[in-house]
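Asks: Just passing along the structure, written as structure tokens.
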Amino acid sequence: MSKSSPSAGSPIDQVDAMFQGTTLRDSGPKLVEITSSRSVTPPSPPNPATNPLFTTLPLLRDLLQTRTSMDQDAVADPCLKIHSDSLNPVHPLNREAHIDFLEGGLGIDEDGEQLSPSFVVLDASRPWILYWCLIGLFSLGADLAPYRERLIETLRPIQNYTTGGFGGGNGQTSHLAVSYAAVLALCTVGGREAFQLIDRVKMWKWLSSLKQVDGGFCVCDGGEEDVRGVYCALTLISLLGLPTELAPDDVARLKRQSEEIQQGKRTGGWGHDPKLVPGNLLDGTAEYLHRCQTYEGGVAGGPGGMEAHGGYAFCALAALSLMGEPEVMLNKYLDLPRLIHWLSARQYAPEGGFSGRTNKLVDGCYSTWVGGCWALVEGAMNGPQKDEPDGDETGTDEGQDERAKQTEEEKSANEAKKTEKGRGIVGSLWSRDGLVKYILSCCQAPEGGLRDKPEKSPDYYHSGYILLGLASAQNYHYYVRAPEAQPPPPSPPLTSTDPDEIPPPTPLVPTALRAAFGWRISHYIPTYTSPGNFDNCIIEKVLSTYDLDDDEMVDWLDREEDEGVGESLGDVGEWWRGDRVRRAHPVFNVPYENVREWEGYVWDVVNEKQGLENGVDERYPRESWNA
């Protein structure tokens, strides 16, 4: 990064001066030059001044030293030293080293290294390792197409074609968590072959068998019931376009269990009304999540006085966002002000990262588990936005130009519409800059890979989720409402790999789990609550990333994003040389474009089964669900 100092004068003069004489960082031999009629060489970023919040210890400190306070100081001190380095307050993203590290987790390290024998203890977590490595490689800009065939052949034998779902390894019982990881890994690499591997009939029946009478889901047959199970189950239902009906056997099972609870023969869940019997996969689920919010404002693993945790908070928020619009679901089923208070307390200074629980240390993985909550909370506060012109979902100049063409009457009407609701658009409710500083300066291991905190060793789990958190900090998520004129689309017909399989009784029941397909993304971030909608917001840039407050930088970034990823790592474009990572969906944590791709595959199944020509259903035009 440039070491030049800002000159005197206006802020614009200072920024201009900082760009003078700067050069690109060398990012390794995999880069190629892209020729164009326009210059594609981006300006190098200056070193922005570090916020004093991250270069000083908190003003209020308890005089009583405890083991907790000493552990806290042991983490804060090295972070403080790193952030206070005036010459290099933000370290560059060591992209090449991280790619090499993650490829090692897939057994294709360039040095020929394989996983060590110590990984045998993670035999039941094979899909997780695959997902962590693949989503990390995607974030860094790698082309995942070469991994698709190997991934499919690896996951094929661990899918349980008799019961449904995926096990953690060969011959192992199906589990919701590893089924979630397996499906997300397949969605991350994308492609119709990956989608077609999944036996959707058996998956639907298996998920039905895990539904509990109090609204939750067990993670496996006879396993624990918690918020993780709810989120994993709803993600599978939504991504795979499964019916929300229960299988007939499970309707009878839940009715019988409810009767046993009322007769005192069976213990019901905490706070559960035994008279309510789930009639489908969603019944009682939102109420179950409501009972998981604690007195602190966070969300616990289950109802009944458990401790609030960042991972459970994300699962609850994402699950509610899968069932409906965040504005409706989060405000209805959670005490949102208390949740915001608790989430705000999870980001520490001077570190800049997040902790997962009260009085615990920062950990890089909470860049996703807590950092990922903010997009959903901000969506709940903002409500649905208008869908932008093509290209603006990534914040391109074309979309900005369209907004600039609005008449004053249109802008006034938009503002009045928002004013009627008594709110504007909230910007960042958290310090994106602080999280980016923590990730880039404290979580990167010199040898490659990302880690929990300084002086810890890197691993695949932290690498994947820290990179997802970096993407969250660099971009702004919002969602749009589906056109009200469109009827609810049917769930796609299910087909099984078992020729003797009896199809579900009503394969075309309406599905309620399309809400998450309305999310959009922009790297233009509103700075604060403004009186209108996005059209009237003042825009900020995340100073600790390669995208700085300079029109030339933003214009260059947009052009490079439009070029996309080529056939090999060497063709990813000039953005490779910066610190930005690729964007993932805020609910599914997989590539945005692959979510749309899989939605298309689901609807291709619908249209094919209905005998429609050319895969087009005039009742449900493609542009209405793939906008």
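When you number the sequence shown by the numbering used here, it's gap-free, plus one each residue, and the end is 631.
All residues carry an ideal CB built from backbone N, CA and C; glycine is no exception.
(1) Just confirm the distance between the C-beta atoms of L180 and F221, as a whole number of angstroms; I'd bet it's less than 8 angstroms.
(2) Residues bridged to S526 by DSSP?
(3) To the nearest angstrom, how far is it from the Cα of R584 to the Cα of K259?
(4) L365 and D75 look like a contact to me (Cβ under 8 angstroms); what is the Cβ gap, rounded to whole Å?
(5) Just checking, does the region 459-469 make contact with the region 365-382 on the three C-beta pairs under 8 angstroms criterion?
(6) Across the region 325-341 and the region 429-440, are there enough close Cβ pairs to call them in contact, namely three or more that are closer than 8 angstroms?
(7) Go ahead and label R586 buried or exposed: buried means 16 or more other beta carbons lie within 10 angstroms of its beta carbon, across all protein chains shown.
(8) In terms of residues, what are the limits of the alpha helix (DSSP H) holding F142?
(9) When you compare the CB positions of G195 and R152, do they come within less than 8 angstroms of one another, or not?
(10) If you count every other CB in all the chains shown that lies within 10 Å of the CB of G175, and 16 or more means buried, which is it?
(11) Using 10 angstroms around the beta-carbon of K422, count the other beta-carbons present and answer buried if the total reaches 16, otherwise exposed.
(12) Taking the alpha-carbon positions, what's the F592 to Q267 distance?
(13) For Q297, count the other beta carbons within 10 Å of its own beta carbon; 16 or more makes it buried, fewer makes it exposed. Which is it?
(14) Helix, strand or coil, according to DSSP, for G468 in the structure here?
(15) Have a look at R600, A520, P62 and G145 and flag the residue whose alpha-carbon is nearest the alpha-carbon of E329.
(16) Out of curiosity, what's the CA-to-CA distance linking P49 and P82?
(17) Does DSSP classify L454 as helix, strand or coil?
(18) Report the three-state DSSP secondary structure of N55 (helix, strand or coil).
(19) What first and last residue would you give for the alpha helix (DSSP H) that runs through K206?
(20) Measure the C-alpha to C-alpha separation of P164 and E603 and round it to an integer number of angstroms.
(21) Can you give me the C-alpha to C-alpha distance between R71 and A149, rounded to a whole angstrom?
(22) How would you write the range of the alpha helix (DSSP H) that C236 sits in, first residue to last?
(23) Helix, strand or coil, according to DSSP, for Q176 in the structure here?
(24) Going along the chain, which residues of its own chain have a beta-carbon closer than 6 angstroms to the beta-carbon of E291, five neighbours each way excluded?
(25) Skipping 5 residues on each side, what residues in its chain have a beta carbon closer than 6 angstroms to that of Y352?
(26) With a cut-off of 8 angstroms on the beta carbons, I'd call H95 and L454 a contact; round off their distance for me.
(27) Should G109 and L119 be called a contact, given that it needs their Cβ atoms to be closer than 8 angstroms?
(28) With which residues is V366 paired in a DSSP beta bridge?
(29) Given a cut-off of 8 angstroms on the beta-carbon distance, is the pair L188 and V594 in contact?
(30) Per DSSP, what kind of secondary structure is A186 in: helix, strand or coil?
(31) Among R485, E107, P530 and A475, which has the Cα closest to the Cα of Y596?
(32) For the alpha helix (DSSP H) that contains P252, what are its first and last residues?
(33) Taking 8 angstroms as the limit between beta carbons, can you name the residues of its chain near R270, skipping five residues before and five after?
(34) Work out the CA separation of A449 and P462 for me, nearest whole Å.
(35) Under DSSP, the alpha helix (DSSP H) around P341 begins and ends at which residues?
(36) Starting from the C-beta of H294, find all residues in its chain whose C-beta is less than 6 angstroms away, skip the five residues before and the five after it, and write them out in chain order.
Replies: Reading off the structure:
(1) Taking the sequence shown and counting its residues from 1, one reaches residue 180 at position 176. Taking the sequence shown and counting its residues from 1, one reaches residue 221 at position 217. Between F221 and L180 the Cβ distance is about 7 angstroms, and since that is below 8 angstroms, they are a contact.
(2) Looking up residue 526 in the sequence shown gives position 522. Paired residues: Y480.
(3) Looking up residue 584 in the sequence shown gives position 580. Looking up residue 259 in the sequence shown gives position 255. Approximately 52 angstroms between the Cα atoms of the pair.
(4) In the sequence shown, counting from the first residue as 1, residue 365 sits at position 361. In the sequence shown, counting from the first residue as 1, residue 75 sits at position 71. 6 angstroms between Cβ atoms; contact.
(5) yes
(6) no
(7) Residue numbering aside, residue 586 sits at position 582 when the sequence shown is read from its first letter. It counts as buried.
(8) Mapped onto the sequence shown, residue 142 falls at position 138. That run of the alpha helix (DSSP H) goes R130 to L144.
(9) As a position in the sequence shown, residue 195 is number 191, starting the count at 1. As a position in the sequence shown, residue 152 is number 148, starting the count at 1. Contact flag set, yes.
(10) Taking the sequence shown and counting its residues from 1, the one referred to as residue 175 is at position 171. Under this definition G175 is an exposed residue.
(11) Within the sequence shown, numbered from 1, the residue matching residue 422 stands at position 418. At K422, the pLDDT of 40 sits below 50, so the modelled position is not reliable; the number obtained from the coordinates is stated separately. Under this definition K422 is a buried residue.
(12) What you label residue 592 is simply residue 588 of the sequence shown in a count that begins at 1. What you label residue 267 is simply residue 263 of the sequence shown in a count that begins at 1. Distance between the alpha carbons of F592 and Q267: 40 angstroms.
(13) One-based indexing of the sequence shown puts residue 297 at position 293. Its Cβ being crowded by 16 or more others within 10 Å, Q297 is buried.
(14) Translated into positions along the sequence shown, residue 468 becomes position 464. Three-state DSSP puts G468 in a helix.
(15) Residue mapping note: residue 329 aligns to position 325 of the sequence shown, counting from 1. Among R600, A520, P62 and G145, the Cα nearest to that of E329 belongs to A520.
(16) Reading the sequence shown from its first residue, position 45 is the one you call residue 49. Reading the sequence shown from its first residue, position 78 is the one you call residue 82. Reliability fails at P49, whose pLDDT of 47 lies under 50, so the model's placement of it is uncertain and the value that follows must be treated cautiously. Distance between the alpha carbons of P49 and P82 is about 25 angstroms.
(17) Position 450 of the sequence shown holds residue 454. Strand, per DSSP.
(18) If you number the sequence shown from 1, residue 55 lands on position 51. Three-state result, N55: coil.
(19) Indexing the sequence shown from 1 puts residue 206 at position 202. Unbroken alpha helix (DSSP H) run through K206: R204 to L214.
(20) The residue you call residue 164 lines up with position 160 of the sequence shown. The residue you call residue 603 lines up with position 599 of the sequence shown. Residue 164 is actually Asn in this sequence, not Pro. Rounded to whole angstroms, N164 to E603 spans 24 angstroms at the Cα level.
(21) Translated into positions along the sequence shown, residue 71 becomes position 67. Translated into positions along the sequence shown, residue 149 becomes position 145. Cα to Cα, the separation comes out at about 48 angstroms.
(22) For the purposes of this step, residue 236 is identified with residue 232 of the sequence shown, where counting begins at 1. Looking at the DSSP string, the run of the alpha helix (DSSP H) that includes C236 is V231 to L243.
(23) Numbered from its first residue, the sequence shown carries residue 176 at position 172. Residue state, collapsed to three classes: coil.
(24) Taking the first residue of the sequence shown as position 1, residue 291 is located at position 287. Closer than 6 angstroms at the Cβ level, and outside the excluded window around E291, lie G219.
(25) One-based indexing of the sequence shown puts residue 352 at position 348. Contacts found: V366.
(26) Mapped onto the sequence shown, residue 95 falls at position 91. Mapped onto the sequence shown, residue 454 falls at position 450. Actually they are not in contact, since the Cβ atoms of H95 and L454 sit about 12 angstroms apart, beyond 8 angstroms.
(27) For this step, residue 109 is matched to residue 105 along the sequence shown. For this step, residue 119 is matched to residue 115 along the sequence shown. Cβ atoms of G109 and L119: closer than 8 angstroms.
(28) Here residue 366 corresponds to residue number 362 of the sequence shown, with the count starting at 1. For V366, which the question treats as bridged, DSSP gives the partners S359.
(29) Numbered from 1 along the sequence shown, position 184 holds the residue referred to as residue 188. Numbered from 1 along the sequence shown, position 590 holds the residue referred to as residue 594. Yes, Cβ-Cβ distance for L188 and V594 is below 8 angstroms.
(30) What you label residue 186 is simply residue 182 of the sequence shown in a count that begins at 1. Note: A186 maps to helix in three-state DSSP.
(31) Position 592 of the sequence shown holds residue 596. Nearest C-alpha to Y596: A475.
(32) Here residue 252 refers to the residue found at position 248 of the sequence shown. Segment P252 to Q266, the alpha helix (DSSP H) holding P252.
(33) Numbered from 1 along the sequence shown, position 266 holds the residue referred to as residue 270. These residues qualify, in order along the chain: Q261 and E264.
(34) Locating residue 462 in the sequence shown gives position 458, counting from the first residue. Locating residue 449 in the sequence shown gives position 445, counting from the first residue. For P462 and A449, the distance between alpha carbons rounds to 6 angstroms.
(35) By 1-based counting over the sequence shown, the position of residue 341 is 337. Here the alpha helix (DSSP H) through P341 covers L340 to S348.
(36) The residue given as residue 294 occupies position 290 in the sequence shown. Cβ neighbours of H294 beyond the five flanking positions: Y337.
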